[in-house]
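Enquirer: Numbering (the working numbering), first residue to last: 1 to 219.
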Amino acid sequence: MHGDNKKYALVRELVINWYNQKGRNFPWRNTKNPYHILIGEMLLRRTTAAAVSRIYVDFINCYGTPEHLARTRESSIARSLVSIGLQSTRAKQLRQAASIIVNDYDGKIPTSLEALQSLPGVGYYIASAVKIFAFGDAIPLVDGNVIHFLSRVFEMEFSGPSDVRAWDFVAKFGGSHDSKLYWGIIDLVATTCLRQNPKCSVCPLNNVCAWYTKSSLKE
Ligand code: SF4
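1. For Leu224, is the classification buried or exposed, using 16 other Cβ atoms within 10 angstroms of its Cβ as the cut-off for buried?
2. What is the chain-ordered set of residues for which the beta carbon lies under 7 Å from any non-hydrogen atom of ligand 1?
3. Round the Cβ separation of Ser88 and Ala97 to the nearest angstrom and send it over; I've been treating them as touching at under 8 Å.
4. Quick check for students: name the residue ranges of the alpha helix (DSSP H) that lie wholly in the region 105-138, counting only runs of 4 or more.
5. Is the region 93-112 in contact with the region 17-31, if contact means three or more CB pairs nearer than 8 Å?
6. From Asp187, Trp183, Phe169, Val208, pick the residue whose C-alpha is nearest to that of Ile132; which is it?
7. Could you check if Met42 is buried or exposed, using at least 16 other CB atoms within 10 Å of its CB as the buried criterion?
8. List the endpoints of the continuous alpha helix (DSSP H) containing Cys62.
9. Write down every uninterrupted run of the alpha helix (DSSP H) in the region 174-219 whose length is 4 residues or greater and which is fully enclosed by it, in chain order.
10. Going by DSSP in three states, Asp143 sits in which element: helix, strand or coil?
11. Does DSSP classify Asn103 as helix, strand or coil?
12. Does the pairing of the region 159-174 with the region 187-205 give three or more beta-carbon distances under 8 Å?
13. Buried or exposed: where does Phe169 fall if 16 or more other Cβ atoms within 10 Å of its Cβ makes it buried?
14. How many angstroms separate the CA atom of Gly121 from the CA atom of Val164?
15. Report buried or exposed for Gly40, applying the criterion of at least 16 other Cβ atoms within 10 angstroms of its Cβ.
16. Quick one: is Ala129 buried, meaning 16 or more other Cβ sit within 10 Å of its Cβ, or exposed?
17. Could you tell me the distance, in whole angstroms, from the CA atom of Ile185 to the CA atom of Val146?
18. Would DSSP call Lys32 helix, strand or coil?
19. Do Leu150 and Ala166 have their CB atoms nearer than 9 Å?
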């Protein structure tokens, strides 16, 4: 157990150090505004960060508060989202969520997981992401990327993001749950720990990664 904790701490440190030097810079990461963070996470669902980054700033400039979004027609919101797809569904969910925030929460983003999840288009992952990135809460965050990365580094198998063992593991591994830890994992998976042909030779984890150690032994 002590050994596990030491490895967790080392992996966290390597990921965060790498993120500080090579992490990607996105506007939804440079704010503590919970509404802007919620919008970013809702747009990122089933969409690449590169695609969202092309519309995000304009979207926030147009609909800078829940009040703005709630009083805009769905068709106008959808037009702003055409380039990232699913625009009708997204526009409906964004507008409904904004209306609930205005009517039930006085225009403020709710802080509990339950209330966040009651917003249309907001599931457990997005609710958790908002709590961590906007409110600094120490809770685990699990998605396909986190599972992929941790499965390789720690040689573990999880059935998917809804596997409770994965959430339990990330709760133990995540430590202080610095936002940079999760952003670092997301960026490492996007740029280095690729599902096909990972770039292990330039990965900061290659000295501690179980998957890399095993595959090097085979060569
Ligand atoms: S060493 Fe390779 S498999 Fe391991 S985390 Fe880095 S890129 Fe992924």
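Every residue gets a Cβ at the ideal spot worked out from N, C-alpha and C, and that includes glycine.
Expert: The relevant details are as follows:
1. Outside the shown range of the chain, which is 1 to 219, sits residue 224, and nothing can be said about it.
2. Phe149, Arg152, Val153, Leu188, Thr192, Cys193, Pro198, Lys199, Cys200, Cys203, Leu205, Asn206, Cys209, Trp211, Tyr212
3. The pair is not a contact, with the Cβ atoms about 15 Å apart (cut-off 8 Å).
4. 113-117, 124-133
5. no
6. The residue with the shortest Cα to Cα distance from Ile132 is Trp183.
7. Per the 10 Å Cβ criterion, buried.
8. 49-62
9. 179-191, 210-218
10. coil
11. DSSP places Asn103 within a helical segment (H, G or I) once states are collapsed to three.
12. no
13. buried
14. About 22 Å.
15. buried
16. buried
17. 6 Å
18. Lys32 falls in the coil class under three-state DSSP.
19. yes
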